[in-house]
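Peer 1: In our numbering, the protein residues as written are 4 to 98. We put the beta carbon where it would ideally sit given N, CA and C, even for glycine. Take a look at the following structure, please.
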């Protein structure tokens, strides 16, 4: 059972880093450091969007419209961290 929890923690870590990469890339695109007309940048950007949209979609429907500010990645990061805390705190029960 400990191996399963470690695998779940690894998956949560990967999701954490994918979300951080998406947020940083969105900032770089908005500040025109990265250009979506470059093929590699566009492929990475659309790939990250396709990976994260199933996670972001339901949360965006719940959150109120904040104009140009998207708090969805913050909510997802808090959720990932909360799941991580729950798994780590309950490891003793499974061992």
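(1) For residue 59, collect the residues of the same chain with a Cβ closer than 8 Å to its Cβ; drop the 5 residues on either side in sequence, then sort them by chain order.
(2) Any contact between the segment 41-61 and the segment 17-29? By contact I mean 3 or more CB pairs, one from each, below 8 Å.
(3) Less than 8 Å between C-beta atoms, sequence neighbours within five positions excluded: which residues of the same chain meet that for residue 70?
(4) Taking residue 18 as the reference, give the member of 86, 5, 67 with the closest Cα.
(5) So, with DSSP's three-state summary, where would you put residue 51?
(6) Do you know how far the Cα of residue 16 is from the Cα of residue 90?
(7) When you compare only the Cα positions, how much space is there between residue 37 and residue 46?
(8) Taking only three categories from DSSP, how would you classify residue 16?
(9) Compute the Euclidean distance between the alpha carbons of residue 84 and residue 30, then round it to the nearest angstrom.
Peer 2: Put simply:
(1) If you number the chain shown from 1, residue 59 lands on position 56. Same-chain partners within the cutoff: 75, 76, 79.
(2) yes
(3) As a working note, residue 70 is residue 67 in the chain shown. Once the five neighbours on either side are set aside, residue 70 has no close Cβ partner at all.
(4) Counting from 1 along the chain shown, the entry for residue 18 is found at position 15. It is 86.
(5) Here residue 51 refers to the residue found at position 48 of the chain shown. Looking at residue 51 - three-state DSSP - the assignment turns out to be helix.
(6) As a working note, residue 90 is residue 87 in the chain shown. As a working note, residue 16 is residue 13 in the chain shown. Answer to the nearest angstrom: the Cα atoms are 13 Å apart.
(7) By 1-based counting over the chain shown, the position of residue 37 is 34. By 1-based counting over the chain shown, the position of residue 46 is 43. In a straight line, the C-alpha of residue 37 is about 12 Å away from that of residue 46.
(8) Here residue 16 refers to the residue found at position 13 of the chain shown. Here residue 16 sits in helix by DSSP.
(9) Reading the chain shown from its first residue, position 81 is the one you call residue 84. Reading the chain shown from its first residue, position 27 is the one you call residue 30. The alpha-carbon atoms of residue 84 and residue 30 are separated by roughly 22 Å.
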